[in-house]
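Visitor: Sharing a structure here in structure tokens format.
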């Protein structure tokens, strides 16, 4: 096993978008079309779906109603599946450009077996995560119950310590298993547990890469929003509007198509599509770069392009 640079991994997404402008353009167009589709879905969303979304936006301090949650997920399942497919298509495109750069058909974008495996892996991890969370909460409940015999103060301390320990363990496991999607993509099979062995001794390096990548995305996003807001504000004032009109861009009426059919909103969607494409590249690239470094290229299998459907 070799190694990788956390800094190089974190900045790999920016390198891709800089050195592959045609791919970035194609990804931007794809993201814009996804935004348009999202608008059409939002405008034509039935009342049941809106009510389901509202039911999910409950007080996080209160335990969710499982019946309501299940019903909401059933109603929203087509929308969730659409979002998951988009994420997996973009993630696979980034993996492909790093691990199989010669396979550049459709600017690395496609919906084939690789993307479907990534979707299946995500669903499996969601189920495993829920099960692990349930087990952790059960164990915490048992420990806190035992500690309650020692007094309220001890119980409160044990509860806080147990929750922090559980959060830390979830975080550690998530980092150690974070290469599962790229391993699944490269090896052409569901690699549910393979990441654990590959990332042994690499926790802090992976954590550093992910944190640096997220920080870079946040900084770039804030700068982009500030620049767009300034330019849009000047344009609105130049056309006789007021700064209050900018609220229609950032908070459109999701039930009316007319709220999206204005030059400023379209420009906002176009700019947002560029940074969405960059976001996907920056977030997905560290894992692929780390995997390539840890395997020394030996794990790069299944070089034949996946059939698109």
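Numbering (the working numbering), first residue to last: 609 to 917. Using N, Cα and C, we set each Cβ at its ideal position, and we do this for glycine too.
(1) Buried or exposed for residue 787, please, with buried defined as at least 16 other CB atoms from any protein chain shown within 10 angstroms of its CB.
(2) Under a Cβ-count criterion, where at least 16 other Cβ atoms within 10 Å of its own Cβ denotes burial, should residue 789 be classed as buried or exposed?
(3) Give the C-beta separation of residue 806 and residue 902 to the nearest angstrom, bearing in mind that I take them to be a contact with Cβ-Cβ under 8 Å.
(4) Answer with buried or exposed for residue 927, where buried requires no fewer than 16 other C-beta atoms within 10 angstroms of its C-beta.
(5) Residue 631 and residue 821: beta carbons closer than 7 Å?
(6) At 4 residues or longer, and completely inside the stretch 611-656: list those alpha helix (DSSP H) runs for me, N to C.
(7) So does the stretch 637-651 actually touch the stretch 868-888, counting three or more Cβ pairs closer than 8 Å?
(8) Please state if the CB of residue 743 and the CB of residue 766 are separated by a distance shorter than 7 Å.
(9) Does the CB of residue 782 have a neighbour CB from chain B at under 7 Å?
(10) Should the stretch 684-698 be regarded as contacting the stretch 713-727, the criterion being three or more beta carbon pairs within less than 8 Å?
(11) Where does residue 838 land, buried or exposed, given buried means 16+ other C-beta within 10 angstroms?
(12) At the level of alpha carbons, what is the spacing between residue 913 and residue 711?
(13) Closest to residue 643 by C-alpha separation, out of 762, 879 and 718, would be which residue?
(14) Apart from the five residues on each side of it in sequence, which residues of its chain come closer than 8 Å, Cβ to Cβ, to residue 829?
(15) Let me know the secondary structure DSSP gives residue 720 once reduced to three states.
(16) Please look up how many angstroms separate the CB atoms of residue 702 and residue 893, rounded, as I've assumed it's under 8 Å.
(17) Buried or exposed: residue 895, going by 16 or more other Cβ atoms within 10 Å of its Cβ?
(18) Do the CB positions of residue 815 and residue 781 come within less than 7 Å of each other?
(19) Going by CA-CA distance only, name the one from 654, 736 and 648 that's closest to residue 866.
(20) Between residue 876 and residue 836, how many whole angstroms is the CB-CB distance? I'm expecting something under 8 Å.
(21) To the nearest angstrom, how far is it from the Cα of residue 628 to the Cα of residue 622?
(22) Along the chain, where does the alpha helix (DSSP H) that runs through residue 835 open and close?
(23) Express the C-alpha separation of residue 872 and residue 857 in angstroms, rounding to a whole number.
(24) Could you check the C-alpha separation between residue 739 and residue 749 for me, to the nearest Å?
(25) Quick one: Cα of residue 698 to Cα of residue 624, how far?
(26) Just the C-alpha distance for residue 779 and residue 732, rounded to the nearest angstrom, thanks.
(27) Please state whether DSSP places residue 859 in a helix, a strand or coil.
(28) Could you tell me which of 685, 758, 612 and 746 sits nearest to residue 656, measuring between CA atoms?
(29) Under a three-way DSSP split, which group does residue 802 fall into?
(30) Once DSSP output is grouped into helix, strand and coil, what is the label at residue 866?
(31) Are there 16 or more other CB atoms within 10 angstroms of the CB of residue 791, so buried, or fewer, so exposed?
Guide: A quick look at the data gives this:
(1) buried
(2) Under this definition residue 789 is a buried residue.
(3) 6 Å
(4) Here the chain covers residues 609 to 917 and nothing more, so residue 927 does not appear.
(5) Judged by beta-carbon spacing, residue 821 lies beyond the 7 Å limit of residue 631, meaning their Cβ atoms are not closer than that value.
(6) Here the runs fully enclosed are 614-627 and 629-651.
(7) Yes, the stretch 637-651 is in contact with the stretch 868-888.
(8) no
(9) Although the question refers to chain B, the structure presented lacks it and comprises just one protein chain.
(10) yes
(11) exposed
(12) Any reading at residue 913 is ruled out, since the residue's pLDDT is 39, under 50, leaving its predicted position unreliable.
(13) 879
(14) 883 and 887
(15) strand
(16) 5 Å
(17) buried
(18) no
(19) 648
(20) 7 Å
(21) Their Cα atoms are separated by approximately 10 Å.
(22) 811-846
(23) 7 Å
(24) 15 Å
(25) 13 Å
(26) The alpha-carbon atoms of residue 779 and residue 732 are separated by roughly 18 Å.
(27) coil
(28) Selected option, being the one with the closest Cα: 685.
(29) helix
(30) helix
(31) buried
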